[in-house]
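Number of protein chains: 6
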Amino acid sequence: MSTDQKMKVAVVQVGTPLYDLDKTLEKLEKYVTEASEQNVDLVVFPEAYIGGYPKYSTFGMHLGERSAAGRDEYLKYYNNAIEVPGPVTDKLASLANQANLYMVIGVIERESTTGTLYCTAVHIDPVQGYVAKHRKIMPTAQERTIWGFGDGTTLPVVTYQKSPTLSARVSSTICWENYVPMLRQHYYNKGVQIYCAPTVDTREVWSSTMTHIALEGRCFVLSSNQFMHFKDFPEGHPLPAGSDPEGIALAGGSMIVSPLGTILAGPLREKEGLLTADIDLDDIIRGKLDMDNSPTGHYSRSDIFKLLVNENGFQG
Amino acid sequence: MSTDQKMKVAVVQVGTPLYDLDKTLEKLEKYVTEASEQNVDLVVFPEAYIGGYPKYSTFGMHLGERSAAGRDEYLKYYNNAIEVPGPVTDKLASLANQANLYMVIGVIERESTTGTLYCTAVHIDPVQGYVAKHRKIMPTAQERTIWGFGDGTTLPVVTYQKSPTLSARVSSTICWENYVPMLRQHYYNKGVQIYCAPTVDTREVWSSTMTHIALEGRCFVLSSNQFMHFKDFPEGHPLPAGSDPEGIALAGGSMIVSPLGTILAGPLREKEGLLTADIDLDDIIRGKLDMDNSPTGHYSRSDIFKLLVNENGFQG
Amino acid sequence: MSTDQKMKVAVVQVGTPLYDLDKTLEKLEKYVTEASEQNVDLVVFPEAYIGGYPKYSTFGMHLGERSAAGRDEYLKYYNNAIEVPGPVTDKLASLANQANLYMVIGVIERESTTGTLYCTAVHIDPVQGYVAKHRKIMPTAQERTIWGFGDGTTLPVVTYQKSPTLSARVSSTICWENYVPMLRQHYYNKGVQIYCAPTVDTREVWSSTMTHIALEGRCFVLSSNQFMHFKDFPEGHPLPAGSDPEGIALAGGSMIVSPLGTILAGPLREKEGLLTADIDLDDIIRGKLDMDNSPTGHYSRSDIFKLLVNENGFQG
Amino acid sequence: MSTDQKMKVAVVQVGTPLYDLDKTLEKLEKYVTEASEQNVDLVVFPEAYIGGYPKYSTFGMHLGERSAAGRDEYLKYYNNAIEVPGPVTDKLASLANQANLYMVIGVIERESTTGTLYCTAVHIDPVQGYVAKHRKIMPTAQERTIWGFGDGTTLPVVTYQKSPTLSARVSSTICWENYVPMLRQHYYNKGVQIYCAPTVDTREVWSSTMTHIALEGRCFVLSSNQFMHFKDFPEGHPLPAGSDPEGIALAGGSMIVSPLGTILAGPLREKEGLLTADIDLDDIIRGKLDMDNSPTGHYSRSDIFKLLVNENGFQG
Amino acid sequence: MSTDQKMKVAVVQVGTPLYDLDKTLEKLEKYVTEASEQNVDLVVFPEAYIGGYPKYSTFGMHLGERSAAGRDEYLKYYNNAIEVPGPVTDKLASLANQANLYMVIGVIERESTTGTLYCTAVHIDPVQGYVAKHRKIMPTAQERTIWGFGDGTTLPVVTYQKSPTLSARVSSTICWENYVPMLRQHYYNKGVQIYCAPTVDTREVWSSTMTHIALEGRCFVLSSNQFMHFKDFPEGHPLPAGSDPEGIALAGGSMIVSPLGTILAGPLREKEGLLTADIDLDDIIRGKLDMDNSPTGHYSRSDIFKLLVNENGFQG
Amino acid sequence: MSTDQKMKVAVVQVGTPLYDLDKTLEKLEKYVTEASEQNVDLVVFPEAYIGGYPKYSTFGMHLGERSAAGRDEYLKYYNNAIEVPGPVTDKLASLANQANLYMVIGVIERESTTGTLYCTAVHIDPVQGYVAKHRKIMPTAQERTIWGFGDGTTLPVVTYQKSPTLSARVSSTICWENYVPMLRQHYYNKGVQIYCAPTVDTREVWSSTMTHIALEGRCFVLSSNQFMHFKDFPEGHPLPAGSDPEGIALAGGSMIVSPLGTILAGPLREKEGLLTADIDLDDIIRGKLDMDNSPTGHYSRSDIFKLLVNENGFQG
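The structure is reproduced here in structure tokens:
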């Protein structure tokens, strides 16, 4: 009855060539190829990798005023965002197919009807292509001024069917969403096994959060972070005063953690790169011996707590 | 990824030759030609332009009594109304095609089955011809005695596809419908970009409302108004006592406003004419930086407010 | 059966002495006294008058980073906020009682249990003291980084009973909330008569919005705005580069509009001051002849639109 | 308006003298005195400190059988448990009063009516004495065979009023309850400021969880752990085969973390001891600038998630 | 903290001298004295011991008719019943006091106001005298024609305080009430320790039920049964045709069972007598290691089942 | 109107070949064939028959620690569990169809989404195949560390329609669930006629509980128990020290009881085997003359007790 439940997973630590989609996809392809050559089954790219994370910008905002230059910057950012699904996700699907791996990628999504931008993670299956997306439900601090808020309709846990006897349930949670307990509980309820966390949070303390979640959810946690030098930003981008072009703007911290809290790879800091880990999904079952946070598991107290999730969105 | 999002739009300020469909279409054609020569992409005609707005008439009604003469007047008005779609919209379609522009035109629509008249706006696409109509959902005051009430089935936002990379979502709202917040919210929810407001409201204060809507909806607002002298009414039409034939019966006030509330053209008062403006649809995106009233935008509070719209009509 | 339905109302245009509560209350008292001497029945103070609007600050935020100095600035701002109700609203109540007038005042409210700040309007009745508050439901742009979002529990329309035969229903809507159609519809549904709009929006175009709302809601609109020179900000406050201390930072624009869109006072621009108007609540009835936006009025189309409002907040 | 919000807090790392209540209280008193001499305001003792954690025991259980010796061991354990409130909490209250500090202490509670044991944390106020208790809602693994499950009636957040202007909201969460997201959310909703985590989890990875919770809840986290050598267990206690009496059975790991994830003290490993930290409750406010997980805070998405908590227990 | 929790308990197997209260009390006194001499702490007498169980009688009833003789028989039975409390319970109290033991005695209770008879168990404390009664809630078969139905107001669990450190919670359940699961659950919820079951059910299978209840409730079960020869009935009592006077009419079956299902005494069959057992209340705690049926115990599933009990009687 | 209500029922006493599904099904098939040859209509297999009951194991747990070996043992156990419904229940369905009998079988169920194991009884109908399952709601003692807790959604009473005029309502209750009064009451409320009790409780006292339930519920009780020698456990399984391979590890005790408490077959002890009994469902009606524990029966006191059952589970 038992079959091999092993997979190879990877996280890519890389920065976006801001406002240059071609280069962005080139770099992505390079890492996908590298992962494929190492027989990786699933790879995660950082938050906002496609579209970019224009760190340090304020889009010309101060309390009580917005500038025309800020509006133009926003338009440029909008135009560099992608539709999901759309032509770019089609390209990603063909890439995933060639490389025979599943991808979770942070993108800036443009919802053209309403003109809203979302910080989104797309799920690309090697066979089915684009299968699902998750829109960040709560942007952090300054992000709140440029990104909309995802709703309950994009909180998927996707089953990646690697072979007839090997599959994994995959979710995505972006950056500080990882501090929203009810969102995590929602994914646990759906039986997430590979919990992907694209981010741009480069604090060292981030590894505590990733480790905690692996333990709490008894799942593998894959955190992919951006890495950028100051010189990587396009000319004219507002950088901190006196910043050394060779200095590090986004330090990374990508890592892979097992369901019992062991760090399998990383945290990778202060350089770009690909981290991989051989994982055994059976470790999730081993870990559930003494904790299961699902609604029907040991740690459910459905007589005390009930979590209602509106997955029908605005109309629901 | 970014392409030119510029269009030229126009509003026509003109009065209906009452009870004379041929002359009505002639005048319309004259302005369409003029607009076409100026490379206009989209033009709006006033409320009730085809069929007419018989200002000052009471159709023989007093509280509790109707006269036979009034009934005859209604019959004449009914016979000058058009079916939508029908032969007249076919003519309009061919006109739009020749002029290569999109038209939103106020008409009096005859629903022959029930014998009801509606104050309607028709949408004519240069390629597809007649594409949609909006029936005014709430006639104002005395209008309520001659026009029926549109329902939720005719609240379209139509996509005008100018070229493969240039399109605009167009809606129509007639006269005081512009004071119905939920109707506007409905159009915002559908992502309206060019908000057309055919009207016969000629008060100066109308410009406040048009400006407010542009700001609130982050959309372009095109208001087209009728202009008529007293002498333009057919003989026998009930005019105010002592009105000077050279005096102005409907003063106009047509205008075009940008998504940040800048008046791009007009208000044109006290004369007939064509107003045009070069617009950049990207200004909508620029404006959404700090406000987005769609259900998923910054200004949505779907946890507090939920707007239900019955678009299925009476049976729905 | 008919009795005199006249009142005298006022709006105060004044700037906050930032981080100085004593001076803030002193100035407020001065204007309340002045209003009282003119027999004003109801007076409105601007958005964030108590607590202040630290225009131009970013609280040390850029995309992807927050500074320790920004956190300290936030703490200072937090400590200058007030509890509602609390000691300061008690003082306001006693002031209202002495002056025998109803006050609507913009304040920064501190919710101590959760540590959240709200941009709030408090309603102070001359007899009952503190009667209600409204928390801004959607902060604009940069504001979103320092203020929480009010929910459906604080959307009151308060009845101010001036005398046994004279009363008015009063609401408050803060700054760009005035661009949320469903919020306004909610107040119309509750029969608002005096619609107070404390704000810091000092664009000239603001008057269009105030005028439109008066027309749409058939209510009196009272907009109170802040006025400040650059020199009025405390030392060290981040001002725009090169700003002249004598220059104007917040230009005002306070005004009073009648239900038919007539501007009764203002807009007052580029100076501090008190505006008053004598109003006749019967004008609201006069205006409802041809438009009534309440759920049971002429302009309700409950067969098409239904607005659901969750006034029970989180638990609802 | 701002006052000093500083406190001194402590966690005690100490092992229970198993089955010897007198010695247990003696040791507790020694540490309370030490804390008092250092002007500590609040001190936390480990999980099950009173009553003890008989690590390595199975109470004679195997799958499908229980032994008489195991039943006797359970009786002895039952008799060493305390009633809450009861004579022992009275003693603790008097101790707290003398030492002028607030105590959170892990105890084994005996509910005599039903004969159930609970793993409980008691809250002892220096002025009011025993004020509240929290019963662990979900024992872990083998614990499930000897302890009952607390319900929603004992999930308090207690306000410790140190002085008229200085107070803190204190909660307790025992050991792996810290992996129940909805329990933590419940405490965040109640505005916890000092989150006490008595535990016997001595894995190094525990510090990740404590750090994560501080960041997620923007609160101070005080984790107090047991420390015991093998020789500290009473004779006859079932220890792992071949365990060296001088070896460490429970390694500790107590620590204190700030709301921004900085470890202020500890983790203390491999010895007994008292850890203290000077804390500034205002750091909670500083931290709330960019995250607030309460229902009304930035990170609440009450339109997506709703957490229902039954605090009425069995009868509710 | 642990003290001796041992008691000696007894059940009396004895038949009622029908319609002869003096002899009834004489026999009772004899057994009480015997028990007292053996240092018994608590003794149980059978169902209906005082008042009697007139086995084989139909009180002259057939379906649809009642006879005058039956009415006279009922009157005699009524007159031999006692008021509770009343003179007879006073005598019992003095007896209990002299013998220094707690008594649970089955009686026929006369409720004079309504003229209803109840099959009741009275609780007599050696110090406090009469303390409580339980009225059988459901008479069986023919019993239903002479006894009323008790309600929720007489379902007590009484604490018998033997000494400052030794007490027991005592309940009573009469005959086939022992087949009502919710009644038993109610007593378990109240923490019953000594479950008394006065009965006249003399089937051998009765011992299965007594054993099951001890196991299910983790309590001591004391079943006291009547023993009578045919010759013991008064002359004229309707006996089965051809019954041998020396034959046994009520065969007994009294017994005492421990919380783990061990039969400590009995079943005593085919003779009168006193059964005693030394019990250790701590065996209840030992037994709760692996089962606790109280609402907060291991076997409570308050999220699935909720038992509501109306203890306020008819009006409640 | 009356038709023959006779059936032949059976219980199988057999032990699981641990961790060997093929042999497990082989043995099952052997007994099903044997039962079929004897024209049995319904057969019950023991608790955990498929998946097995690894008696004596502790899965490496002691209070406060879990071993890696224990986690591996759990994984092995998990992999030997089955999905319900799933391929194995399909096989069982085909077996039931061939044998033309209804089966109730104890299995270990794997809920793959959450990784939780349940001790489940499956109901297999000869015509409809898999029809329902019951998950044990409360594992006993050590079991609590490896099995989850069923909820109210799997408490079925299934109608087995043997022929147009002969049907029986069948329930299942596993091992010590039989000590949960409210669960039994729930089944009585649903009119259970054949109460199946798969178990591994091999104490002699178990027969008291089975007999009591038959009497209390006025239903047929079919208890099927496991029988195993020590030598039947796989090599390396943790057995009691010094246990003789020929010794008995699980002694059985299977039995069949009638609604009036008569033991119709068994208890079979110390050997494997099949027990059968011819039953007459009309005996249930005969037994209800003097007792009926359903909510509308003689023994219901709905004015005193009300049992609420949440059959909607987590979402309810």
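Chains as they are written, first to last, in our numbering: chain Z, 38 to 353; chain D, 38 to 353; chain F, 38 to 353; chain S, 38 to 353; chain C, 38 to 353; chain A, 38 to 353.
Here a beta-carbon is modelled for each residue, glycine too, at the ideal position from N, C-alpha and C.
query                                                                                                                                                                      : result
Where F96(C) and R108(C) are concerned, what is the direct C-alpha to C-alpha distance, given to the nearest angstrom?                                                     : 7 Å
Using a Cβ cut-off of 8 Å, which residues of the segment 211–222 of chain F contact any Cβ in chain D, in chain order?                                                     : W213, Y216, V217, P218, M219, L220, R221 and Q222
With a threshold of 9 Å between beta-carbons, can T239(A) be considered close to chain Z, or not?                                                                          : no
At which residue ranges does the segment 246–301 of chain D contain complete alpha helix (DSSP H) runs of 4 or more residues, listed in the order of the chain?            : none
Please confirm whether T246(Z) has its beta-carbon closer than 9 Å to some beta-carbon of chain S.                                                                         : yes
Leaving out the 5 sequence neighbours to the left and right, which residues in its chain are closer than 6 Å to G284(C) when beta-carbon positions are compared?           : F267
Does the contact criterion of 3 or more C-beta pairs under 8 Å hold for the segment 222–230 of chain A versus the segment 99–114 of chain A?                               : no
Let me check one thing: in DSSP terms, what residues is Y115(D) bridge-paired to?                                                                                          : According to DSSP, Y115(D) bridges with nothing at all.
Counting Cβ pairs closer than 8 Å, one from the segment 275–292 of chain A and one from the segment 303–317 of chain A, do we hit at least three?                          : yes
Helix, strand or coil: how does DSSP classify S131(F) here?                                                                                                                : helix
Count the CB pairs spanning the segment 115–125 of chain D and the segment 153–169 of chain D that are closer than 8 Å, and state whether there are at least three.        : yes
Whose CA, out of V164(F), S245(F), P271(F) and M328(F), lies closest to the CA of E214(D)?                                                                                 : M328(F)
Quickly, what does DSSP pair T196(Z) with across the bridge? List them, please.                                                                                            : R206(Z)
Give me the DSSP bridge partner(s) of C156(A).                                                                                                                             : I145(A)
Can you tell me where the beta strand (DSSP E) with G389(C) in it begins and where it stops?                                                                               : With chain C covering only 38 through 353, there is no way to say anything about residue 389(C).
Tell me the residue span of the alpha helix (DSSP H) that contains V69(F).                                                                                                 : L58 to E74
Quick one: Cα of G185(Z) to Cα of G166(S), how far?                                                                                                                        : 49 Å
Report back the beta-carbon spacing between L138(C) and L79(C) to the nearest angstrom; my notes put them in contact at under 8 Å.                                         : 6 Å
Can you have a look at T191(A) and say buried or exposed, based on whether 16 or more other CB atoms are within 10 angstroms of its CB?                                    : buried
Thinking S295(Z) and A251(Z) are a contact (beta carbons under 8 Å), I'd like their distance in whole angstroms, please.                                                   : 6 Å
The segment 137–155 of chain S: which residues have C-beta closer than 7 Å to a C-beta of chain C, in chain order?                                                         : E148, T150, T151, G152 and T153
I want to verify the contact list: residues of chain Z whose CB lies under 7 Å from the CB of E180(F), in sequence order.                                                  : L100
Within 9 Å (strictly less), CB to CB, does V346(S) reach chain Z?                                                                                                          : yes
Can you give me the Cβ contacts of K170(D) inside the same chain, cut-off strictly under 6 Å, excluding the 5 residues immediately before and after it?                    : V121, T157, V159 and T191
Below 7 Å between beta carbons is the criterion; list the residues of the segment 279–299 of chain S that meet it against any residue of chain Z, in chain order.          : G298
Can you list, in chain order, the residues of its chain with a C-beta nearer than 8 Å to that of I321(D)? Leave out the 5 residues immediately preceding and following it. : Q230, R255, C256, F257 and P296
Using three-state DSSP, classify P235(D) as helix, strand or coil.                                                                                                         : strand
Counting only C-beta atoms, is E253(F) closer than 9 Å to chain D at any point?                                                                                            : yes
Given a threshold of 16 other Cβ atoms within 10 Å of its Cβ, counted over all protein chains shown, does D59(F) qualify as buried or as exposed?                          : exposed
Note down, in chain order, all residues in the segment 98–122 of chain Z with a beta-carbon under 9 Å from any beta-carbon belonging to chain F.                           : M98, H99, L100, G101, E102 and R103
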